[in-house]
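Following the working numbering, the numbering of the sequence shown begins with 1453 at its first residue and continues without gaps.
C-beta: ideal position from N, C-alpha, C; glycine also.
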Amino acid sequence: MSETDGAWVSLFSGGKDSAWALYRALERGLDVRRLVTVHPTGDSYMYHVPATDLAGLAAESIGIPLVDVEPDDFDAESTIDASAQGDDELEPLEAALAALDDDLAGGIAGVTAGAVESEYQTNRIEAMCDRLGCDLFAPLWQEDPRELADAMLDAGFDIRIIRVAAHGLDESWLGRRLDREALADLERLNEEYGVHILGEGGEFETLVVDGPHMDRAIDLEYEPEWEGTRGTIRVTDARLE
1453 MSETDGAWVS LFSGGKDSAW ALYRALERGL DVRRLVTVHP TGDSYMYHVP ATDLAGLAAE
1513 SIGIPLVDVE PDDFDAESTI DASAQGDDEL EPLEAALAAL DDDLAGGIAG VTAGAVESEY
1573 QTNRIEAMCD RLGCDLFAPL WQEDPRELAD AMLDAGFDIR IIRVAAHGLD ESWLGRRLDR
1633 EALADLERLN EEYGVHILGE GGEFETLVVD GPHMDRAIDL EYEPEWEGTR GTIRVTDARL
1693 E
């Protein structure tokens, strides 16, 4: 990876994986000038879905401007041809990045991403970066899940579970802090049900409410909503402390 002149852009959902990729990029001294959040309208294989509307609060605390991308922000006449590879879901993101490449001084040098094991996500992001002519920084890729989780906690990340959808994860997990006790429980659930310790298979989704890269923590008020075998938190109020 060549760390050339220009801006870095972090794909950012507010969840632990994208936040860790951003944090590692900042630690490395990469010039991250924008966060980009995609807001899917429904379930997505490509993007983190729940509570992406809170990414703006996180960005304010981090101190880096946020660009919001809605699926219908860019029409079918876009000059980006991601759909030729069957990546219609990627097209709005790629168009947004192409616009940033034009707008930011020096263009985009690279993109950070929080993929851990998903080849579906990583292959598409790599191909997108190739088309944009920029680098990819993916510090979580194929790293040991427990070591990653421990590193996040050691760094001071305060991670909350905001959605669950897997055997063994009941309503008590909604809003739970992902601490070492929770990790021990997840390791037991991994042995019993195959639950991924980082939720990489969609077993759970998270929100980072505080960390060393943030000036102020996010204070949440919420109500749990449970439907059969899955649930999410419905945020009723959120503010920076």
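| message | Tell me which residues share the same chain as residue 1590 and place their Cβ nearer than 8 Å to its Cβ, disregarding the 5 neighbours each side in the sequence. | response | 1473, 1564, 1565, 1566, 1567, 1574 and 1577
Buried versus exposed, by CB contacts within 10 Å (16 or more), residue 1683: buried
Exercise for review: Report the rounded CA-to-CA distance for residue 1697 versus residue 1609, giving the unit in angstroms.
Suggested key: Because the chain is modelled from 1453 through 1693, residue 1697 falls outside the range shown and cannot be assessed.
Q) Taking the Cβ atom as the reference point for each residue, do residue 1467 and residue 1659 lie within a distance shorter than 8 Å? A) yes
**Message:** Taking the alpha carbon of residue 1602 as the reference point, which residue from 1639, 1675 and 1489 has its own alpha carbon closest?
**Reply:** 1639
If you compare alpha carbons, which of 1675, 1692, 1555 and 1643 is closest to residue 1614?
1675
Residue 1471 in three-state terms, based on DSSP: helix
When 1518, 1541, 1484 and 1642 are compared against residue 1557, the one with the closest alpha-carbon
1484
*asked:* Tell me which residue opens and which closes the alpha helix (DSSP H) that residue 1612 is part of.
replied: Here residue 1612 belongs to no alpha helix (DSSP H); instead the beta strand (DSSP E) covers 1610-1616.
Under the rule that 16 or more other beta-carbon atoms within 10 Å means buried, what is residue 1529, buried or exposed?
Confidence in residue 1529 is poor, its pLDDT being 41 and thus under 50, which makes the residue's placement unreliable; the coordinate value appears in the next sentence. Label assigned to residue 1529: exposed.
- Are the beta-carbon atoms belonging to residue 1478 and residue 1519 less than 8 Å from one another? Between residue 1478 and residue 1519, the gap from beta carbon to beta carbon reaches 8 Å or more.
| said: Within 10 Å of its beta-carbon, does residue 1679 have 16 or more other beta-carbons around it, so buried, or fewer, so exposed? | reply: exposed
> Run through DSSP, which three-state label would residue 1640 get?
Replying inline: helix
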